[in-house]
Amino acid sequence: MDEKRMGEIALLILKYKIAKEGISLSEINRELGNIAKTINVPLDELKEFFIAFYKELLEKILNK
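In terms of this note's numbering, the sequence shown opens at residue 0 and continues consecutively.
Take a look at the structure:
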């Protein structure tokens with residue numbers, strides 16, 4: 000399996016888990032900071048990713 004496909008599957012798993020379990024909005028900034036440090040990704044990039052991710056997830060939920 001190539002890295003692109005692995006990334007696609009990882010994103011689908013993330014979407015599934017977030018849709019099912021949710022995430023605490025009161026702790027999101029701290030959690031994103033911790034994640035950014037752990038995975039060695041700049042915080043601004045991670046925030047940009049999560050904004051796009053949640054926008055897509057919210058659109059799917061509201062359009063059901």
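We put the CB at the ideal spot given by N, CA and C, even for glycine.
Predicted model only: the values in this text are computed from it and were never measured.
For L56, same chain residues with a beta-carbon under 7 Å away, outside a window of 5 residues either side, are K14, I17 and A18 in chain order.
Contact check for I27 against L45 fails: the beta carbons are separated by 8 Å or more.
Going by DSSP, L13 is part of the alpha helix (DSSP H) stretching over E2 to E20.
Taken through DSSP and simplified to helix, strand or coil, S23 comes out as coil.
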